[in-house]
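Take 63 as the starting number for the sequence shown in my numbering and just add one per residue.
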Amino acid sequence: MTVLTTARLSLTPMTVADFDDLCRLWRNEDFTRQIGLPAMTSETVWLRLLRDIGHWQVMGVGNWAVRRLEDGVWLGTVGIFDYRRDLVPAFGDLELGWGLDPAFQGQGYAFEAVTEALRHADEDLRLARTTCMIAPDNAASFRLAAKVGFTPWVEGDLRGEKIQLLERLRK
C-alpha cells in the first residue's frame, strides 16, 4: 500500500487506528454540512472505514489518512477510489475525494494533500482521467478543484440529490 509525503504532510492508507478520528470528523456537523450529508453514527463510520481498508486490498488505491508531519496530528482524508456509487451518470473512472476537519481548513493542507494524490494518479498510476463530485453549496471545494485542474463535467444525481461532477485529465 502506498504512503505519500509532502513538505508538511504524511498520507497513509486507512487502518482501524483511524476510527476515532474518523468518528470525530463524520460527527462534526460543520464538516458534514459542507458535503451535503448528515452526521454519521459510529456504526456507519465503522462500515465506511472497513470499505476503505478493503478498497486498498482489492483495488490497490483508496483513502489515506492525512497527518501533519511535525506532530502527527490527524487532519482528515484524501483518496483515489471507485465506490461504485448509485450515481447518474456513472463516473466510469476513478474518483478523487477529500475532507479535512474544519479546524484545519484554510491553511493549505487540503491543496497540498490533493496535489500529492493527483501527482500519484498522474505519474505513478498513469490515470488518464480522474473525477470528483462536490455538493452544490461547497464553494471551498469548488475553488480547490479548479485550482488543481478539475473542470465541470455534468450535473449528476446521487440518490435523488443534485451533485456537480467534475473531471480532470492527466497532465
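From the three backbone atoms N, C-alpha and C, an ideal C-beta is built for every residue, glycine too.
Considering Q96, what are the terminal residues of the alpha helix (DSSP H) in which it resides? Along the sequence shown, one-based indexing puts residue 96 at 34. Note, Q96: alpha helix (DSSP H), 91 to 96.
Output the distance between the C-alpha atoms of H182 and A127, rounded to the nearest integer angstrom. Here residue 182 is taken as the residue at index 120 of the sequence shown, counted from 1. Here residue 127 is taken as the residue at index 65 of the sequence shown, counted from 1. Whole-angstrom Cα-Cα distance: 15 Å.
For the candidate residues D199, V107, K233, G98, whose alpha-carbon lies nearest to that of R188? Position 126 of the sequence shown holds residue 188. Ranking the options by Cα distance to R188, first place goes to K233.
Less than 7 Å between the C-beta atoms of L73 and L84, yes or no? Translated into the one-based positions of the sequence shown, residue 73 becomes position 11. Translated into the one-based positions of the sequence shown, residue 84 becomes position 22. Contact annotation: L73 and L84 have beta-carbon atoms that are not nearer than 7 Å.
With H, G and I counted as helix, E and B as strand and the rest as coil, what does DSSP make of P100? One-based indexing of the sequence shown puts residue 100 at position 38. Note: P100 maps to coil in three-state DSSP.
Measure how close the beta-carbons of R230 and F212 come, nearest whole angstrom, since I'm counting them as under 8 Å. Walking along the sequence shown from the start, residue 230 turns up at place 168. Walking along the sequence shown from the start, residue 212 turns up at place 150. Confirmed, Cβ separation roughly 5 Å.
Beta-carbon contacts of Q96 that lie in its chain and below 6 Å, excluding the five residues immediately before and after: Working through the sequence shown from its first residue, we reach residue 96 at position 34. N200, listed in sequence order.
Per-residue burial, L131 [other beta carbons within 10 Å of its own, 16 or more giving buried]: Position 69 of the sequence shown, counted from the first residue, corresponds to residue 131. Counting Cβ neighbours within 10 Å, L131 comes out exposed, since fewer than 16 surround it.
Can you look up M63 in the DSSP assignment and give me helix, strand or coil? Here the question's residue 63 lines up with position 1 in the sequence shown. Coil, per DSSP.
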